[in-house]
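Enquirer: One structure, pasted below without further comment.
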Amino acid sequence: MKNLIPVSLLLILSLSALAEASDPVLQRAFERADREEIFLPYSCSMESHVLIHKGRNKKQREEINRANWEVWSPDSIKVSGEEREILFQKEEEEEKRVEMGKGGGESRSFDVLDEGRRSLYRFEAKGLELFNERELHRYDFEPLKKAKDLWEGSLWIDSETGLLASVDAGLSKKSFGLKAFSMNMDFIDWEGMSLARQLTMEIHVKVPLLANMRIRTESKFRDFQRIPVP
């Protein structure tokens, strides 16, 4: 009887892996994520609205940031023309709090579909949904084992292209001081690539006697153009 639990768990994981391997939509999304050769350097404009609260309801800061991006590869981004418009700010030192809200410099990229990372997750098909005249397949996902840098939530894949269309996710395990970190992303199909069109992030940082802050950032990306490559 002692072996029933681990054997049952192994059976569940094996069946889950088999279901993922036989899902043509999910497999196509994996293949698209692996095709680095289709990446085309591009530029775009970015505008983000940042709202910072102390505790639950005390607004501390509100600002709009604008910048131009040149994306030469998924790991190489040049930012220029940065502008900041302060809409509201209490007469307190805010910079330190803002830096804490960014997660201490840790990476928060969404890499669930990436090769070498997707094996850490369990995917469950939830059916077909219609959004903006696009047929999207929804998948719920969670890590096989919770960790600080792993996500859990839902993603939507375009049934025609296999490209990622939307993500609604949060970190599966919080680190010290980081009470919550969630994001919602919508993507567009641009030149055969899935590029972020809109990103909303919500962060709650709480350290006893030091900080209790909530940050909400809404970013929009537009004016996508190809960068000529010599």
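Per our numbering, the very first residue in the sequence shown carries number 187; after that it's consecutive.
For each residue, glycine too, the CB sits at the ideal point set by N, CA and C.
(1) Cα separation between M399 and E248?
(2) When you compare each of D209, S231, G241 and S229 to H390 by their alpha carbons, which one comes out closest?
(3) Alpha carbons only, please: which of L336, F274 and E217 is nearest the one belonging to E301?
(4) Roughly how many angstroms lie between the CA atoms of M369 and S340, to the nearest whole one?
(5) Restricting to Cα atoms, I'd like to know which of L212, S358 and R320 is closest to E328.
(6) How long is the line joining the alpha carbons of M371 and Y307, rounded to whole angstroms?
(7) Whose C-beta lies closer than 6 Å to the C-beta of H239 among residues of the same chain, with five residues either side of it excluded?
(8) Within a Cβ cutoff of 8 Å, which residues of the same chain sit near F225, ignoring the five residues on either side of it in sequence?
(9) Once you ignore the five residues that flank E271 on each side, which residues in its own chain have a CB closer than 7 Å to its CB?
Expert: Let me lay it out:
(1) The residue labelled residue 399 in the question sits at position 213 within the sequence shown. The residue labelled residue 248 in the question sits at position 62 within the sequence shown. Rounded to whole angstroms, M399 to E248 spans 13 Å at the Cα level.
(2) Looking up residue 390 in the sequence shown gives position 204. Nearest of D209, S231, G241 and S229 to H390, Cα basis: G241.
(3) Within the sequence shown, the letter at position 115 stands for residue 301. When only C-alpha atoms are compared, the closest one is E217.
(4) The residue given as residue 369 occupies position 183 in the sequence shown. The residue given as residue 340 occupies position 154 in the sequence shown. Approximately 11 Å, taken between the alpha carbons.
(5) For the purposes of this step, residue 328 is taken as residue 142 along the sequence shown, with counting starting at 1. Closest option to E328, Cα to Cα, is S358.
(6) Stepping through the sequence shown from its first residue, residue 371 is reached at position 185. Stepping through the sequence shown from its first residue, residue 307 is reached at position 121. C-alpha separation (whole angstroms): 19 Å.
(7) Position 53 of the sequence shown, counting from 1, holds the residue named residue 239. Taken in chain order, the residues that qualify are K245 and R400.
(8) As a working note, residue 225 is residue 39 in the sequence shown. Cβ within range, chain order: S259, P260 and M379.
(9) The residue you call residue 271 lines up with position 85 of the sequence shown. These residues qualify, in order along the chain: E249 and I250.
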